[in-house]
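Everything below concerns the one structure shown next.
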Amino acid sequence: MKLKKISYFLILSLLGVVIYSCNTDDLAIQQEVQTQKYKGLNHIKTADLFKDKKFTTAFAKIPTKTKLTSLKTSKTIMEHEYGFTIEEFKPANVYETDSVVSYTLLITRPNQTAHSVENLVINTNKFTDSISAFLYKYESDVIINNFTNYVDNSIITPIVYNNIEYNPSATNKESPCIITAYRICENHSSPEMVPTCQAPIQYEITCGGGGGADGSSPLPTSSNTSTGGGVGGAIQTAPVYQMSPLELARKNFTMNDLTDEQFSWLTNPANDQAEAAIYAYLEYSNATTGELGYSPEKIAIVKNLINIRIWESTRINGNLLKPCMQSILNDIKKLQNGSVGQIIQKFAGNTPGFNWEVKDGVLSGGVVASTQTPSQYNTTSSTITTTFNTTAYPDASELSWARTIIHESVHAYLSVYFATNSPGFIGNYPNMVNDWGILQNWNAVHHEEFARSLVNEIANSLQEYGISKGYNLPRQFYDDMSWAGLQGTTLFQNLSPADQNRILNVIAIELTGIDLNSNSQIQKGRPAGC
């Protein structure tokens, strides 16, 4: 990680060496760094932090210009004096060493742009009981929605140093400073460390460096109020920034549900313009809900759509698919109403919360595709794998493979659901539980449920895919294709012989180019090229 010198207006208090730490999913990994021991980095809602006695004690020591009677009054006065608002319902970062506890809170100001992020940082020294507090502002020429890119400039405004209110006119505040950013989440080889992790990047920043332009220190280097030359000491903070709505969706995409009514709104063509506007807001803009002019309910609906898109783009690993299959999968992801994630959501009721590996491979017995059963679910990587036997079916059309991908995605979801939450599965799918008692085969059990509740959804999705690829085919074709793989189910067997024959012929022709009588037929779909 590169170091970058930046100019700061800063208050400096000597807090010791840089703490290098590792954190994944809020799990603090203790490690020794020089003479200090890392005790932990925790993310906590700011409103909850104000219920913590240690924090409120430190917060109450920050002096204000008015006699205080309560913590709430103190907080209101400080915000008024310095012109900011503490975002109480946003996360705060708290980290602790043997000697220091540091609290970093997100603050905002009127007319603040997306090119700046500002924190209130409060450091307490355990040995001296001293308090250092300052406002830490990050600025950039581009929108700051993560800290993977360095900001161009930072400004620190002192509030208090070692319990003595700071007089900003007493010193030259500008000083060069070095920011050192460490990934909390790293790869480690030692057995006590987490070997790999996928958590979002979190930084700890240490600021230290020379004095002001005239050689003076921007702040006293000891607990008295005298100023002088020399280094300014060091400050440390784990920065808190306002996550973009898209990042929040990425972080929480397994936690949102859509009701039938919400999904109907989302899929109604009359709402396409509103959906596009909200989508753009969530992905790119920092506008407020009020400025946008759409209700929180509508924004929540579109946010869930983004959640699905995120799952499809980040949690489906198709690297081991042939290029022809990757192309079909990518086209399905682009669908507005019938993408893989939405098909799963309509069937299962929530956004997918698993990793799906899809690959090409040889399957015995002429099987077109196969998804692992619950017992084969990889608990280490939270992954279920599906294999597509493209080599055995070189003449299959793109419509046939599109239908197969959608079909297998639901197999994948159901396998993961049972593997990770069998009580929930049993409670939500009593019919499948009953079917298991009879069939004792996961593939057959899933297919019975597909026939009961999913054939129409598969047909809808496949039709949308077909239209997006320029096909003009009757609805009956898509309805027939949706039965592929389900010919052994009770509901299929209850269809008339004529319907069964028609359906099986349509499926066979798209898969092989040959009908049930072994005659070559012209396929509706274009060759997939696999």
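Positions -24 to -1, 1 to 506 (mature numbering (1 follows the signal peptide of the UniProt record, and there is no 0)) are the ones given, in order, by the sequence shown. The beta-carbon is built from N, C-alpha and C at its ideal position, and this holds for glycine as well. Keep in mind that this is a model prediction, so the values were computed, not measured.
Looking at the structure shown, is residue i part of a helix, part of a strand, or coil, going by DSSP?
| i | result |
| --- | --- |
| N232 | Note that N232 scores 42 on pLDDT, short of 50, meaning its location in the model is unreliable and no value can be drawn from it. |
| I275 | helix |
| V334 | strand |
| K227 | With a pLDDT of 38 at K227, under the threshold of 50, the modelled position of that residue is not reliable, and no figure is offered here. |
| H91 | coil |
| E57 | helix |
| T366 | helix |
| L487 | helix |
| T347 | strand |
| T354 | Rather than Thr, the amino acid found at residue 354 in this sequence is Asn. In this structure, N354 counts as strand in the three-state DSSP scheme. |
| residue 511 | Because the chain here runs from -24 to 506, residue 511 falls outside it and cannot be looked at. |
| S496 | strand |
| G317 | helix |
| N448 | coil |
| A460 | coil |
| Q249 | helix |
| S472 | coil |
| L339 | coil |
In the DSSP output, which residue or residues are listed as bridge partners for residue i?
| i | result |
| --- | --- |
| N99 | S78 and S108 |
| I360 | W332 |
| L480 | Beta-bridge pairing links L480 to no other residue. |
| P503 | S373 |
| L19 | Before going further, note that residue 19 is His rather than Leu in the sequence given. Per DSSP, N69. |
| T84 | T61 |
Could you tell me whether the Cβ atoms of residue i and residue j are closer together than 9 Å?
| i | j | result |
| --- | --- | --- |
| Y393 | G400 | yes |
| A375 | G501 | Here residue 375 turns out to be Leu, not Ala, going by the sequence shown. Their beta carbons are under 9 Å apart, which means L375 touches G501 by this criterion. |
| I304 | A504 | yes |
| V97 | Y112 | yes |
| I381 | V316 | yes |
| S385 | I319 | yes |
| A345 | T359 | no |
| D456 | R428 | no |
| P328 | W287 | yes |
| K66 | T100 | no |
| T355 | K335 | no |
| N397 | S357 | no |
| A435 | Y454 | yes |
| L82 | V70 | no |
| R85 | T104 | no |
| S458 | L415 | no |
| T32 | A214 | no |
From which residue to which residue does the alpha helix (DSSP H) around residue i run?
| i | result |
| --- | --- |
| G413 | P406 to L415 |
| I308 | P299 to K309 |
| L467 | T466 to Q469 |
| N436 | V431 to S444 |
| T32 | K29 to A36 |
| F26 | Run containing F26: none; DSSP gives neither H nor E here. |
| Q452 | R451 to M457 |
I need the boundaries of the beta strand (DSSP E) containing residue i, first residue and last residue.
| i | result |
| --- | --- |
| V216 | Note, V216: premise wrong, no beta strand (DSSP E); not H, not E. |
| E72 | P67 to E72 |
| G294 | I292 to L296 |
Tell me, please, whether the CB atom of residue i is closer than 9 Å to any CB atom in chain D?
| i | result |
| --- | --- |
| R85 | Protein chains in the displayed structure number just one, and chain D is not present. |
Is it the case that the region 363 to 373 contacts the region 487 to 496, given that we only count it when at least three CB pairs across the two stretches are under 8 Å?
yes
Check whether the region 417 to 424 touches the region 459 to 474, taking contact to mean three or more Cβ pairs, one atom from each stretch, closer than 8 Å.
yes
Assess contact between the region 333 to 347 and the region 423 to 438, defined as three or more Cβ pairs (one per stretch) separated by less than 8 Å. Is contact present?
no
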